Amino acid sequence: MSIRHGIIALLAEQDMHGYQLKVEFERRTGGTWPVNIGQIYTTVQRLVRDGLVLPAPGERSDDRADVERFTLTDAGRAQATVWWSTPVERGAPARDELAIKLALAVTAPGVDVRDVVQAQRTESMRALHDFTRLKAAQPQTDDLGADLAWSLVLDHLVFDAEAEVRWLDHVEARVARASLHPRPSPRPTDDPAAGGAGGGRARRRSGAPPPGGRRR
Amino acid sequence: MIAAPDSPGLVGPVVLSMKMAHRTHGEGATAVHALRGVDLEVRLGELVAVMGPSGSGKSTLLNLAGGLDTPTQGTVTLAGAELSAMDPRARARVRRRSVGYVFQDFNLIPALTAAENVSLPRELDGVGTRPAREEALVAMAEIGIEDLADRFPDELSGGQQQRIAIARALVGPRRMVLADEPTGALDSAAGEDVMRVLRARVDRGAGGLLVTHEPRFAAWADRTVFLRDGMVVDTTGGASGPESLLAGGGRHRGDR
Numbered sequence: 053m054s055i056r057h058g059i060i061a062l063l064a065e066q067d068m069h070g071y072q073l074k075v076e077f078e079r080r081t082g083g084t085w086p087v088n089i090g091q092i093y094t095t096v097q098r099l100v101r102d103g104l105v106l107p108a109p110g111e112r113s114d115d116r117a118d119v120e121r122f123t124l125t126d127a128g129r130a131q132a133t134v135w136w137s138t139p140v141e142r143g144a145p146a147r148d149e150l151a152i153k154l155a156l157a158v159t160a161p162g163v164d165v166r167d168v169v170q171a172q173r174t175e176s177m178r179a180l181h182d183f184t185r186l187k188a189a190q191p192q193t194d195d196l197g198a199d200l201a202w203s204l205v206l207d208h209l210v211f212d213a214e215a216e217v218r219w220l221d222h223v224e225a226r227v228a229r230a231s232l233h234p235r236p237s238p239r240p241t242d243d244p245a246a247g248g249a250g251g252g253r254a255r256r257r258s259g260a261p262p263p264g265g266r267r268r
Numbered sequence: 176m177i178a179a180p181d182s183p184g185l186v187g188p189v190v191l192s193m194k195m196a197h198r199t200h201g202e203g204a205t206a207v208h209a210l211r212g213v214d215l216e217v218r219l220g221e222l223v224a225v226m227g228p229s230g231s232g233k234s235t236l237l238n239l240a241g242g243l244d245t246p247t248q249g250t251v252t253l254a255g256a257e258l259s260a261m262d263p264r265a266r267a268r269v270r271r272r273s274v275g276y277v278f279q280d281f282n283l284i285p286a287l288t289a290a291e292n293v294s295l296p297r298e299l300d301g302v303g304t305r306p307a308r309e310e311a312l313v314a315m316a317e318i319g320i321e322d323l324a325d326r327f328p329d330e331l332s333g334g335q336q337q338r339i340a341i342a343r344a345l346v347g348p349r350r351m352v353l354a355d356e357p358t359g360a361l362d363s364a365a366g367e368d369v370m371r372v373l374r375a376r377v378d379r380g381a382g383g384l385l386v387t388h389e390p391r392f393a394a395w396a397d398r399t400v401f402l403r404d405g406m407v408v409d410t411t412g413g414a415s416g417p418e419s420l421l422a423g424g425g426r427h428r429g430d431r
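Which chain is which? The protein sequence lines are V and H, in order. To convert a position in the first sequence, counted from 1, into our numbering, add 52. To convert a position in the second sequence, counted from 1, into our numbering, add 175.
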């Protein structure tokens, strides 16, 4: 995650020096993303270079960079506003090892997809149990504050792990259904020179329509 | 950075035990094997979640656990009594005294107050109205809802109604709660509140068997058992260490 926007958002509240930024950043995100002080200074320097941040006037102390306070420029303030009002881009999905692994497992000879799914689900459920134990140990809070921030960050991990488990359930169900209607297994592309435009990608894997929707 | 707390609560004696439980409906070529040799144990202080696709045997498992049905092979022991060896009357007696149910749609009686709903099973047990009410108030206090005692179900939120159902399931001598999709009718935050209450109640001395298809709620259990085609194919959640948490927790994709 970029800490650039985090720093801008914090400086929009008040001027801070580097160490303060580090502490505040960690506290406000529930301690989930520790940052080192080097990252903070590198980022602040870039923000200064880009004209978004300035050393706070009257706080210069030539030999002690760690007490130097920083303040936002007008451009920096505008950036903070833009950040809050713009959604975080989903962008292209990251290349997910699990998705790749299962896609290959479906067509790999001698691999039982159900076993691959089960092994992964065990691991994802284990993570989910661990996150939930942390939640359970946390006193429940309805106050806006650091405890709530931390609990929402944990929830994000919980929902993320759950989405994976649900997807695995879905894979299992689709594979089970497909194995009732076996079709000739697709052969690897046999053209050794395949590398030109439209290579192996054009090959359709199945005539089945896309999944109909979420279960429930 | 973050230490994982130990599994909460102390684990006590076995409340429910299934050994090589089979349940077959019908015979011969048309026989349906709903369960094929399930071993399962729930101790006091333990919450066990059961997950699996439709038709995997979850409902059959719950029915056997609660003594509503008996295995065609193997044994089911509830609160020290072997249900599979009992006649239906004796089985019903054990069932009534030992287990309570929590359902997706709460199943509270609308014409009765919360406390009356909770005391009803005790009155059916033959306990007088006044002691039954006292036990109901104890069961409600156990999960922190005694202030709802005189409210009617339609004055309460879904989450509150489900908490009353949990109190009712564990009123009096009952030490085993069977929960069938207890969060199914609740939104995410209310569902979590209910799981928190169920978890805490079990920690204070009850056994729990939870059927759910939502992994997020199953994760509140000590263990999750996966059923497939009537067999336990996997169990997770038993032992895990803090090393897996957050810090360097492997395959995190959030980092961009």
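Quick reminder that beta carbons are idealized off the backbone N, C-alpha and C, glycines included. Since the structure is predicted, the reported quantities are computational estimates derived from the model, not experimental observations.
Chain-ordered chain V contacts of residue i [CB-CB under 9 Å]
| i | result |
| --- | --- |
| D280(H) | Those do not exist, as D280(H) stays about 15 Å from chain V at its closest Cβ, beyond 9 Å. |
| A316(H) | Under the 9 Å cutoff, chain V gives no residues; its nearest Cβ is about 18 Å from A316(H). |
| R218(H) | In chain order: nothing, as chain V lies at least about 17 Å away. |
Exposed unless 16 or more other CB atoms sit within 10 angstroms - verdict on residue i
| i | result |
| --- | --- |
| W202(V) | buried |
| M68(V) | buried |
| Q248(H) | exposed |
| V207(H) | exposed |
| A246(V) | Any reading at A246(V) needs caution, since the residue's pLDDT is 48, under 50, leaving its predicted position unreliable; the model's value is listed next. Exposed, since its Cβ has fewer than 16 Cβ neighbours within 10 Å. |
| T133(V) | exposed |
| I89(V) | exposed |
| E221(H) | buried |
| V217(H) | buried |
| L204(V) | exposed |
| T193(V) | exposed |
| L156(V) | exposed |
| M195(H) | exposed |
| D118(V) | Caution is warranted here: a pLDDT of 49 is assigned to D118(V), below 50, making its placement in the model unreliable, and no coordinate value can be reported. |
| P357(H) | buried |
| Q66(V) | exposed |
| W136(V) | exposed |
| N292(H) | buried |
Partners in chain H for residue i, counting only beta-carbon separations shorter than 7 Å
| i | result |
| --- | --- |
| T81(V) | Result: empty, since nearest Cβ-Cβ is about 12 Å, beyond 7 Å. |
| A225(V) | P228 |
| V158(V) | Correct list: empty, because the minimum Cβ distance to chain H is about 18 Å. |
| V100(V) | Within 7 Å Cβ-Cβ: nothing; V100(V) doesn't reach chain H, min ~24 Å. |
| T4(V) | This structure cannot settle anything about residue 4(V), because the visible part of chain V is limited to 53 through 268. |
| T184(V) | A394 and W395 |
Within chain V, partners of residue i - CB distance below 8 Å
| i | result |
| --- | --- |
| T399(H) | M177 and H181 |
| D409(H) | Q170, R173 and T174 |
| A354(H) | Going along chain V, no residue has its Cβ under 8 Å from A354(H), so there is no contact; the nearest lies around 16 Å. |
Chain-ordered neighbours of residue i on chain V, where CB pairs are closer than 7 Å
| i | result |
| --- | --- |
| G412(H) | M177, R178 and H181 |
| P390(H) | M177, L180, E214, V217 and R218 |
| A265(H) | The premise fails here: A265(H) is roughly 38 Å from chain V at the closest Cβ pair, so nothing lies under 7 Å. |
DSSP bridge partner residues for residue i (one or two, in chain order)
| i | result |
| --- | --- |
| H69(V) | R121(V) |
| Y276(H) | L353(H) |
| F401(H) | M226(H) and D409(H) |
| T199(H) | H208(H) |
| P107(V) | F122(V) |
| L191(H) | V217(H) and L253(H) |
Endpoints, beta strand (DSSP E) assigned at residue i
| i | result |
| --- | --- |
| H222(V) | First-last for H222(V): A198 to A230, but that is the alpha helix (DSSP H), not the beta strand (DSSP E). |
| Q248(H) | Q248 to L253 |
| T84(V) | From DSSP, T84(V) is part of no beta strand (DSSP E); its letter is neither H nor E. |
| G187(H) | Neither: G187(H) is in no beta strand (DSSP E) and is coded neither H nor E. |
| G383(H) | G382 to V386 |
Residue interval of the alpha helix (DSSP H) (run including residue i)
| i | result |
| --- | --- |
| G333(H) | G333 to A344 |
| R173(V) | V165 to A189 |
| R98(V) | I89 to R101 |
| E221(H) | That residue, E221(H), is in no alpha helix (DSSP H); it is neither H nor E in DSSP. |
| T288(H) | Unbroken run through T288(H): none, as it is neither H nor E. |
| D368(H) | S363 to D378 |
| P390(H) | P390 to A393 |
| L154(V) | E149 to T159 |
| E317(H) | T304 to E317 |
| S234(H) | K233 to A240 |
Interface residues of chain H facing residue i [CB-CB closer than 8 Å]
| i | result |
| --- | --- |
| A201(V) | Simply none; closest approach about 14 Å. |
| V210(V) | R391 and A394 |
Check: residue i C-beta below 6 Å from any heavy atom of the ligand FMN
| i | result |
| --- | --- |
| A64(V) | Ligands displayed in this structure: none; no statement on the ligand FMN is therefore possible. |
Under 9 Å from the C-beta of residue i: neighbouring residues of chain H
| i | result |
| --- | --- |
| Q91(V) | Going along chain H, no residue has its Cβ under 9 Å from Q91(V), so there is no contact; the nearest lies around 13 Å. |
For this session: Closer than 9 Å, Cβ to Cβ, to anything on chain V: give me those residues from the stretch 361-382 of chain H, in chain order.
Result: Listed by position along the chain: S363, E367, D368, M370, R371, R374 and A375.
Problem set entry | Near-chain V residues of the stretch 184-216 of chain H - C-beta to any C-beta below 8 Å | Those residues of the stretch 184-216 of chain H that come within reach of chain V (Cβ to Cβ, closer than 8 Å) do not exist; the list is empty.
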